[in-house]
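A.B. asks:
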Amino acid sequence: MAGHSKWKNIRIRKGKQDALRGNLFTKLSREITVAAKSGGGDPGMNPRLRVAVDKAKEASVPKDNIDRAIKKGTGEIAGVSYEEITYEGTGPGGSGIILQCYTENRNRTVGEVRDAFKKNGGTMADNGAVSWQFKYVGQIQFPVGKHDEDELTMAALEAGAEDVQNEDDVISIITAMSDLHKVNEALRTAGFDAKEVALTYITTNKANPSRDDLLKLIKLLDALEDLDDVQETFMNVDIPDELFEEA
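Just so you know, we're using this note's numbering here: the sequence shown kicks off at 205 and counts up by one.
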């Protein structure tokens, strides 16, 4: 799995987008607030905020919501102060899961996460117990066919990308975390407009659960994603699309 986007897209293909819409808007707004708090409210000077705003616009979050989320982060209007926390856990069949959470109540969040794991065949793990199977990188994604792949690959490598991957009809440009926006700006200047730009986890050691364990894993992932404080979910497993219809 090349980061978080595949899991999100599968959920959309399952027909859950309408049900998720309100929760998605909340999570994207929260991401904007955290980004603005950490780096300022100007997307032109705050790359993390620029990514968050672009994601919100792509999901059709209203402009007023985006502006309000930025002002909450900069302190211009009153708002909740969120803390960023990463949790790790194991799922059915030895699968590894990383959760990125934003919360104003750490005790509540850890309790909800632990409960979701416990009720769905998983276990929370200590920091480092799972993350060694992942690498935190910059990722720039393009739909296959939008650009000439050879030209895109050459431009990305010349701009300082570490790798170019073609998987699931998506071309992923992998960069060091610190090089993400430099590479993206170089590609944009060269005429390559990305579908998604993000810091994300990619798998370095994949698990291979049985079919039954994969079905159980889908239920666990659903339970975790439904938690308000869970911002992103990453796993080290490839799940065939057809299994989502059975879960």
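Glycine is no exception: its CB is placed at the ideal position from the N, C-alpha and C atoms.
Nothing here was measured: the structure is a model prediction, and the numbers come from that model.
Which runs of the alpha helix (DSSP H) spanning at least 4 residues fall entirely within the segment 315-379, listed in chain order?
C.D. replies: Considered as a whole, the segment 315-379 harbours 353-363 as its complete alpha helix (DSSP H) runs of no fewer than 4 residues, in chain order.
A.B. asks: Can you give me the Cβ contacts of N177 inside the same chain, cut-off strictly under 8 Å, excluding the 5 residues immediately before and after it?
C.D. replies: Because the chain here runs from 205 to 451, residue 177 falls outside it and cannot be looked at.
A.B. asks: Should the segment 380-399 be regarded as contacting the segment 350-364, the criterion being three or more beta carbon pairs within less than 8 Å?
C.D. replies: yes
A.B. asks: Closest to I302 by C-alpha separation, out of E429, I443, E450 and E446, would be which residue?
C.D. replies: The closest CA to that of I302, considering only E429, I443, E450 and E446, is found on E429.
A.B. asks: With three or more C-beta pairs closer than 8 Å as the rule, is the segment 295-310 touching the segment 335-346?
C.D. replies: Three or more Cβ pairs drawn from the segment 335-346 and the segment 295-310 lie within less than 8 Å of each other, which places the two stretches in contact.
A.B. asks: In three-state terms, what does DSSP make of G243?
C.D. replies: Helix.
A.B. asks: Taking a contact to mean a Cβ-Cβ separation below 8 Å, would you say V374 touches D258 in this structure?
C.D. replies: At the C-beta level, V374 and D258 stay beyond 8 Å of one another.
A.B. asks: I think T237 touches K267, with their Cβ atoms under 8 Å apart; what is that distance to the nearest whole Å?
C.D. replies: Not quite, the Cβ-Cβ distance comes to about 15 Å (not below 8 Å), so this is no contact.
A.B. asks: Rounded to the nearest angstrom, what separates I270 and A260 at their Cα positions?
C.D. replies: 7 Å
A.B. asks: Check the C-beta distance from T294 over to A329 and give it rounded, since I have them as a contact under 8 Å.
C.D. replies: Indeed, because the Cβ distance is near 6 Å, the residues count as touching under 8 Å.
A.B. asks: Taking the DSSP output, what are the residues bridged to L303?
C.D. replies: Bridge partners of L303 according to DSSP: Y291 and T437.
A.B. asks: Please state if the CB of I422 and the CB of I443 are separated by a distance shorter than 8 Å.
C.D. replies: yes
A.B. asks: Alpha carbon to alpha carbon, what distance is there between A394 and E262?
C.D. replies: 22 Å
A.B. asks: Taking all protein chains shown into account, do 16 or more other C-beta atoms lie within 10 angstroms of the C-beta of D352, making it buried, or fewer, making it exposed?
C.D. replies: D352 should be labelled exposed.
A.B. asks: Could you pull the DSSP bridge partners for T393 from this structure?
C.D. replies: Answer is none; T393 lacks a bridge partner.
A.B. asks: Checking 8 Å against the spacing of the C-beta atoms, do G297 and S414 come in under that value?
C.D. replies: yes
A.B. asks: Can the beta-carbon of R234 be found less than 8 Å from the beta-carbon of Y286?
C.D. replies: yes
A.B. asks: Between L447 and L419, is the Cβ-Cβ spacing less than 8 Å?
C.D. replies: In this structure, L419 lies closer than 8 Å to L447 by Cβ.
A.B. asks: Can you tell me whether DSSP reads L431 as helix, strand or coil?
C.D. replies: coil
A.B. asks: Quick one: Cα of V368 to Cα of N440, how far?
C.D. replies: 19 Å
A.B. asks: Ordered along the chain, which non-local residues of its own chain (more than five positions away) have a Cβ less than 6 Å from that of I281?
C.D. replies: K275
A.B. asks: Just to confirm, are T230 and D432 a CB contact at a threshold of 8 Å?
C.D. replies: yes
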